[in-house]
Amino acid sequence: RLAAVLITLGMLIPSGLVIAEQNGVNLPAKDPGALGIAGVSMASEIKAGSAIVLFVLGGMFFILGRMRVSAVPAETGARSLAAASTLFTLISFLSFAGAVGIGVKATLDGAPPHFVPQAELLAPTIKLQDQIEGYARQVFVDSSTVMGKAQRLAAVTFLVAAIISDLWLLGALSRLAAWLHSRRALGRVNRFAILAGFLIFAVPIAAYAYTLFGQGTIDTKWNTLTPQVQETIRAGTAAGVFTILAFLYTRSLRGLRTAIRETNPV
Numbered sequence: 347r348l349a350a351v352l353i354t355l356g357m358l359i360p361s362g363l364v365i366a367e368q369n370g371v372n373l374p375a376k377d378p379g380a381l382g383i384a385g386v387s388m389a390s391e392i393k394a395g396s397a398i399v400l401f402v403l404g405g406m407f408f409i410l411g412r413m414r415v416s417a418v419p420a421e422t423g424a425r426s427l428a429a430a431s432t433l434f435t436l437i438s439f440l441s442f443a444g445a446v447g448i449g450v451k452a453t454l455d456g457a458p459p460h461f462v463p464q465a466e467l468l469a470p471t472i473k474l475q476d477q478i479e480g481y482a483r484q485v486f487v488d489s490s491t492v493m494g495k496a497q498r499l500a501a502v503t504f505l506v507a508a509i510i511s512d513l514w515l516l517g518a519l520s521r522l523a524a525w526l527h528s529r530r531a532l533g534r535v536n537r538f539a540i541l542a543g544f545l546i547f548a549v550p551i552a553a554y555a556y557t558l559f560g561q562g563t564i565d566t567k568w569n570t571l572t573p574q575v576q577e578t579i580r581a582g583t584a585a586g587v588f589t590i591l592a593f594l595y596t597r598s599l600r601g602l603r604t605a606i607r608e609t610n611p612v
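In structure tokens, the structure reads:
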């Protein structure tokens, strides 16, 4: 639960700072900032630094927490799935650390990533695939270099391993809840699993439908919004979705914890 809280804060704090900036709150604008890198303001350092620190701490606590789940009795049927989830959580964490480390090195070398999409990427005539590829060039190190290729590999490994580890963890939690005969815990796990599955289904389908049918119309309306409103919508949507997932995830864990305390299975 602490890991979920830390990672949620790692999303909410930078998102909140972006929303605050777009609504008149002045963050330290010194450029260069504390690191002395041209083009990297102190405000950017605060947002990126808070996210990285909280994500790293959250990842470490995730690994420790899943190691505890993998220590459940073998008769629950959850141990092997929990152990596999722990392994892939470790792989995901190390991949994330590697991708971030390469990004930090690039920043120190004077080539920081740019997380705000450039205006040309948002033009109605640009296809979704081209937008994704263009944004990747903004965020990642040049793909023609070894470091750029390694960073992209680490990022993909992080994402895939994180999804697999969470799927395995949900299976382990479901088995544990069933073994404990806790309808409440099982219901909470199922609700989180259903929502996560719906998002995995809906996001790529919606993105492809947007490319096929609505890109020109939607982008035209989107571009009528001011940059401040666009940034507020992006940050608010990301923070909102992440908060809902984290809330359901922590409720699942709390339900299991309560069931373990209240149940004395034979």
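Every position in the sequence shown, counted from 1, becomes a number in this note's numbering once 346 is added.
For every residue, glycine included, the Cβ atom is placed at its ideal position computed from N, Cα and C.
Sub-8 Å separation of residue i and residue j beta-carbons
{"i": "residue 365", "j": "residue 578", "result": "yes"}
{"i": "residue 448", "j": "residue 400", "result": "no"}
{"i": "residue 539", "j": "residue 522", "result": "no"}
{"i": "residue 511", "j": "residue 435", "result": "yes"}
{"i": "residue 492", "j": "residue 443", "result": "no"}
{"i": "residue 360", "j": "residue 397", "result": "yes"}
{"i": "residue 350", "j": "residue 500", "result": "no"}
{"i": "residue 428", "j": "residue 418", "result": "yes"}
{"i": "residue 497", "j": "residue 487", "result": "yes"}
{"i": "residue 456", "j": "residue 383", "result": "yes"}
Top-ranked residue by Cα proximity to residue i, from the options
{"i": "residue 374", "options": "382, 392, 361, 383", "result": "392"}
{"i": "residue 616", "options": "413, 487, 434", "result": "The displayed coordinates of the chain run from 347 to 612. Any statement about residue 616 would go beyond what the structure contains."}
{"i": "residue 502", "options": "571, 445, 355", "result": "445"}
{"i": "residue 519", "options": "441, 361, 411, 478", "result": "411"}
{"i": "residue 348", "options": "388, 362, 396, 406", "result": "406"}
{"i": "residue 484", "options": "505, 350, 459", "result": "459"}
{"i": "residue 440", "options": "527, 507, 591", "result": "507"}
{"i": "residue 355", "options": "394, 376, 372, 504", "result": "394"}
{"i": "residue 527", "options": "404, 603, 408", "result": "603"}
{"i": "residue 541", "options": "587, 567, 363, 480", "result": "587"}
Enclosing alpha helix (DSSP H) for residue i [first to last residue]
{"i": "residue 451", "result": "425 to 454"}
{"i": "residue 554", "result": "529 to 555"}
{"i": "residue 558", "result": "That residue, residue 558, is in no alpha helix (DSSP H); it is neither H nor E in DSSP."}
{"i": "residue 503", "result": "492 to 525"}
{"i": "residue 393", "result": "388 to 415"}
Rounded Cβ spacing between residue i and residue j (contact assumed at less than 8 Å)
{"i": "residue 357", "j": "residue 585", "result": "6 Å"}
{"i": "residue 386", "j": "residue 453", "result": "6 Å"}
{"i": "residue 423", "j": "residue 530", "result": "Between residue 530 and residue 423 the Cβ distance is about 20 Å, and since that is not below 8 Å, they are no contact."}
Review point. Any chance the segment 589 to 598 sits against the segment 530 to 541, with 3 or more Cβ pairs inside 8 Å?
Key: yes
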